[in-house]
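Asks:
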């Protein structure tokens, strides 16, 4: 298995100003392509720290992917540090200048001296033109190992990974063997209850098959992973273990896709030509945003109402004011009216409605922080359920979203 | 300066299934407390890799904070690995069992054998009780250095950092000197244009003051950082440099808070007792979710409409169908009607409305992917602006949110 290290560079990552979403994206793509990511290292824009990280990575990994520190400003030093590390110098590259001019021109801007400096590249590398930004991607080969340096701007990095780096790595390492994952989404279990249930199953697994428990907010994803040089063999092993798992857990496995819950529902709604709307109180737009983050969601997603205030529930969703008075906003009666109301207003086949106490304040003895009512509507039938999540606002929002999606997935079926 | 390394452990971080938000949170809190985070390392649930990471961290950092791998299931091996690393063994701890029983009891569950095993802790450490989860936090002192192991579940980690670890570290390292940050939010510049403008200013900075360019989606945050043993001295230096920056950039600095844009507007709306609603097309709920993620947002946020379809724009926001026919959904006329409509429907003082082509499809020659119209309403006055962002959906959504927030911040003033 070809082992990879990801090095992310930037002071902003070390003071917590920016969450490193890049390395997760890179890891996912690499993993799907059969590469094994073993280390991730983050250092600041400090020459010594970058150099030390490079040395360590070369001592242990076959492929080193570096992001960040390629901006035109003085605080970005990755390019110069790589030159020193590989004992080379910067040279002017006409093709890179042409690409930079094109990219800058597309946004209607003029090229200035600083941006022009992006056309200076290390002498002993392969330059990969960046079609969506001004910092070129550079590819070094050294001691039979590969280092690729790419921009830290997420969509430039994504473009480079998908269009250039992954295809080139696949060609270069065509004999990487296979990594297979299979996911199972489980309801009705806590992590430890599930682990007890699966003790025997786990003990029976071969060395090259691993079972992981991934409690995402509100449900558990089980992941079987097999790594082996023989792709066909590992596929048959994973298939057999998957069948065993399914027979042990039965109906409590509500989905067996590797997709996230929202992507899974997104695909189902498109394939079944169903439309969706959402009525959100405590999730505050998060549920809608999970769907609309997906390209193509306009095929089914008609819209939603974030009804934070009681007035909004009445005026925008047709919830009855007596119901709000008698039962309170966080109640079965209100959340069911929200689901029916949003379906009606947006004329959709399905709806998800959520009303709860996200916290940290707003709880009462009867309805403590973490109390959430969720209703789904499908085929004019409404199903609702009460939950008691945590004291944490962010967690409560995410668990509400995930459980609403799960409830609708179960109602629609496969 | 006391240097810190963060080690995050978990296979899910190396296959990209989970984005590591923990280390950003930890880094932010540590940084605010005056600690210098120099390295972040991520390894999988592999004993050799964890041990190597621990050895390296002990060779360079004074404080090592470890998250993850503390679940009760077999794939979690951090506790056993720490025992071997520190040459100690697990012992039963009655107080930990009591805490675990309390925590499990609160969620109405029964304690099972697996969860009970959380009461076994390394012998030579200080146990810090976890009041919000079942895995205790363990604190080791070794060669004058400190290692703290905490759960990877985000809200348990956050609880432990805020309530136990940061206070204890501050007490232990009371002479850590000072790190000061000052942020400036700049509009109307690209990163390279801004760097040219600030060349002289940058060259004049002392060694212990650093200027960083942090282009967040759609605007640039400049960050001045000063590190020095003398807290008063560094404060006066940073104050003086801040004044210089302000006089160079003038009106193009639209905010000078260290908060994110949404937190800054959140605070302004609360302090000025203004209410807000949002009308979202291409941002699809993301804008609402940025506000509602903040505790206390119900003080000003009344709600919003995600009007993905044209029908929703007409029925839920009162946009005129002739306007949609004549100008199209992505137009000044429509977005201004959306802003006026949502203000009216939710009876709010302010509103932000967004309509655009997020992509990757849906673009036309006149309105390519990335075209976004944003309108804000304040004091019954509507201001709108057109943008041409990128080809990337995620980036377009974020830039739209940030620019909508910026426009309203500017309209409201300080």
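Chains as they are written, first to last, in our numbering: chain G, 19 to 432; chain B, 19 to 432.
Ideal Cβ positions, reconstructed from N, Cα and C, are used throughout, including at glycine.
CB-CB under 7 Å to residue 119 of chain B, same chain, minus the five flanking residues each way: which ones, in chain order?
Replies: The sequence position of residue 119 of chain B within the second chain is 101, counting from 1. Hits under 7 Å: 129.
Asks: Use the C-beta contact count for residue 131 of chain B: other C-beta atoms within 10 angstroms, 16 or more gives buried, fewer gives exposed.
Replies: If you number the second chain from 1, residue 131 of chain B lands on position 113. Exposed is the call here.
Asks: Starting from the C-beta of residue 270 of chain B, find all residues in its chain whose C-beta is less than 7 Å away, skip the five residues before and the five after it, and write them out in chain order.
Replies: Locating residue 270 of chain B in the second chain gives position 252, where the first residue counts as 1. Result list for residue 270 of chain B: 204, 205, 206 and 207, in chain order.
Asks: Quick one: what's got a C-beta closer than 7 Å to residue 316 of chain B's C-beta in the same chain, skipping five residues either side?
Replies: The residue you call residue 316 of chain B lines up with position 298 of the second chain. The answer is none, since no qualifying residue turns up.
Asks: By the criterion of Cβ-Cβ separation under 9 Å, what are the contact partners of residue 453 of chain G in chain B?
Replies: Not covered by the structure: residue 453 of chain G. The range shown for chain G is 19 to 432.
Asks: Within 10 Å of its beta-carbon, does residue 266 of chain G have 16 or more other beta-carbons around it, so buried, or fewer, so exposed?
Replies: As a working mapping, residue 266 of chain G is identified with position 248 in the first chain. Label assigned to residue 266 of chain G: exposed.
Asks: Check each candidate in B/259, B/20, B/336 and B/113 and name the one with the smallest Cα separation from residue 192 of chain B.
Replies: By 1-based counting over the second chain, the position of residue 192 of chain B is 174. Closest by alpha carbon: B/20.
Asks: Hey, is residue 220 of chain B's beta-carbon within less than 8 Å of any beta-carbon in chain G?
Replies: One-based indexing of the second chain puts residue 220 of chain B at position 202. So, interface residue.
Asks: Can you find the residues in the same chain that come closer than 6 Å, C-beta to C-beta, to residue 371 of chain B, ignoring five residues on each side of it along the sequence?
Replies: Along the second chain, one-based indexing puts residue 371 of chain B at 353. Here the set comprises 297, 353, 356, 357 and 393.
Asks: Select from the segment 273–303 of chain B all residues with a C-beta closer than 7 Å to any C-beta belonging to chain G, and list them in chain order.
Replies: 302 and 303
Asks: What residue range is occupied by the uninterrupted alpha helix (DSSP H) comprising residue 310 of chain G?
Replies: Position 292 of the first chain, counted from the start, is the residue given in the question as residue 310 of chain G. 304–310 is the span of the alpha helix (DSSP H), which, as asked, contains residue 310 of chain G.
Asks: When we look at the beta-carbon of residue 75 of chain G and count the other beta-carbons within 10 Å, is it buried (16 or more) or exposed?
Replies: On the first chain, position 57 is the one that residue 75 of chain G refers to. With 16 or more Cβ atoms within 10 Å of its Cβ, residue 75 of chain G is classed as buried.
Asks: Compute every distance between the C-beta of residue 88 of chain G and the non-hydrogen atoms of the ligand GDP, then say whether any falls below 7 Å.
Replies: As far as ligands go, the structure on display features none, and thus does not contain the ligand GDP.
Asks: Short of 8 Å in beta carbon distance, which residues of its chain neighbour residue 69 of chain G, apart from the five on each side in sequence? Order them along the chain.
Replies: Residue numbering aside, residue 69 of chain G sits at position 51 when the first chain is read from its first letter. Same-chain partners within the cutoff: 99, 102 and 103.
Asks: Between residue 198 of chain G and chain B, is there a C-beta pair that is closer than 8 Å?
Replies: Taking the first residue of the first chain as position 1, residue 198 of chain G is located at position 180. For residue 198 of chain G, the answer is no, since every Cβ of chain B falls outside 8 Å of its Cβ.
Asks: Under three-state DSSP, which class holds residue 67 of chain B?
Replies: One-based indexing of the second chain puts residue 67 of chain B at position 49. Here residue 67 of chain B sits in helix by DSSP.
Asks: Do the segment 37–51 of chain B and the segment 237–249 of chain G meet, that is, are 3 or more Cβ pairs less than 8 Å apart?
Replies: no
Asks: Check whether the segment 110–118 of chain G and the segment 225–236 of chain G touch, using three or more Cβ-Cβ pairs below 8 Å as the test.
Replies: no
Asks: Flag residue 119 of chain B as yes if its beta-carbon sits less than 8 Å from any beta-carbon of chain G, otherwise no.
Replies: For this step, residue 119 of chain B is matched to residue 101 along the second chain. Closer than 8 Å: no.
Asks: Do you know how far the Cα of residue 197 of chain G is from the Cα of residue 391 of chain B?
Replies: On the second chain, residue 391 of chain B is found 373 positions in, with the first residue counted as 1. On the first chain, residue 197 of chain G is found 179 positions in, with the first residue counted as 1. Approximately 45 Å between the Cα atoms of the pair.
Asks: Between residue 388 of chain G and residue 414 of chain G, is the Cβ-Cβ spacing less than 8 Å?
Replies: To locate residue 388 of chain G, count along the first chain from 1; it is residue 370. To locate residue 414 of chain G, count along the first chain from 1; it is residue 396. Going by C-beta atoms, residue 388 of chain G is nearer than 8 Å to residue 414 of chain G.
Asks: Given a cut-off of 8 Å, decide if residue 318 of chain G and residue 287 of chain G are closer than it, judged by their beta-carbon atoms.
Replies: In the first chain, the residue the question calls residue 287 of chain G occupies position 269. In the first chain, the residue the question calls residue 318 of chain G occupies position 300. In this structure, residue 287 of chain G lies near residue 318 of chain G, with their beta-carbon atoms less than 8 Å apart.
Asks: How many angstroms separate the CA atom of residue 323 of chain G from the CA atom of residue 95 of chain G?
Replies: Your numbering for residue 323 of chain G matches position 305 in the first chain. Your numbering for residue 95 of chain G matches position 77 in the first chain. Cα to Cα, residue 323 of chain G sits roughly 46 Å from residue 95 of chain G.
Asks: List the residues of chain B whose Cβ lies closer than 7 Å to the Cβ of residue 410 of chain G, in chain order.
Replies: On the first chain, position 392 is the one that residue 410 of chain G refers to. Going along chain B in sequence order, the residues near residue 410 of chain G (Cβ under 7 Å) are 173.
Asks: Beta-carbon of residue 96 of chain G versus every beta-carbon of chain B: anything under 8 Å?
Replies: Taking the first residue of the first chain as position 1, residue 96 of chain G is located at position 78. Among the residues facing chain B, residue 96 of chain G is not included, as its CB has no counterpart in that chain under 8 Å away.
Asks: So, do the segment 397–409 of chain G and the segment 27–38 of chain B have three or more beta carbon pairs nearer to each other than 8 Å?
Replies: no
Asks: I'd like to know if residue 229 of chain G contacts chain B, where contact means its C-beta is closer than 8 Å to some C-beta of that chain.
Replies: Sequence index remark: in the first chain, residue 229 of chain G carries index 211 (1-based). Residue 229 of chain G counts as touching chain B.
Asks: Ordered along the chain, which non-local residues of its own chain (more than five positions away) have a Cβ less than 8 Å from that of residue 312 of chain G?
Replies: Your numbering for residue 312 of chain G matches position 294 in the first chain. By the criterion of a C-beta distance shorter than 8 Å, residue 312 of chain G is surrounded in its chain by 280, 281 and 284, once the five residues flanking it on both sides are discounted.
Asks: I'd like to know whether the C-beta atoms of residue 169 of chain B and residue 148 of chain B end up nearer to each other than 8 Å.
Replies: The count along the second chain starts at 1 and reaches residue 169 of chain B at position 151. The count along the second chain starts at 1 and reaches residue 148 of chain B at position 130. Closer than 8 Å, so yes.
Asks: Residue range of the beta strand (DSSP E) that residue 404 of chain G falls in?
Replies: In the first chain, residue 404 of chain G corresponds to position 386, counting from 1. From DSSP, the beta strand (DSSP E) with residue 404 of chain G extends over 399–406.
Asks: Mind the definition here: the segment 255–262 of chain B touches the segment 230–240 of chain B only if three or more C-beta pairs lie below 8 Å; say whether that holds.
Replies: no
Asks: If we define contact as Cβ-Cβ less than 8 Å, is residue 322 of chain B a contact residue for chain G?
Replies: As a first step, residue 322 of chain B is located in the second chain; it is residue number 304 there, counting from the start. Yes, its Cβ sits closer than 8 Å to a Cβ of chain G.
Asks: Nearest by alpha-carbon distance to residue 320 of chain B: which of G/364, G/327, G/62 and G/174 is it?
Replies: Walking along the second chain from the start, residue 320 of chain B turns up at place 302. The residue with the shortest Cα to Cα distance from residue 320 of chain B is G/327.
Asks: Tell whether a beta-carbon distance below 8 Å holds between residue 150 of chain G and residue 121 of chain G.
Replies: By one-based count along the first chain, residue 150 of chain G stands at place 132. By one-based count along the first chain, residue 121 of chain G stands at place 103. Cβ distance < 8 Å, so residue 150 of chain G and residue 121 of chain G count as in contact.
Asks: If you measure beta-carbon to beta-carbon, which residues of the segment 333–365 of chain G are closer than 9 Å to chain B?
Replies: 333, 334, 363, 364 and 365
Asks: What residues of chain B sit near residue 77 of chain G, judged by a beta carbon separation below 8 Å?
Replies: Looking up residue 77 of chain G in the first chain gives position 59. Going along chain B, no residue has its Cβ under 8 Å from residue 77 of chain G, so there is no contact; the nearest lies around 11 Å.
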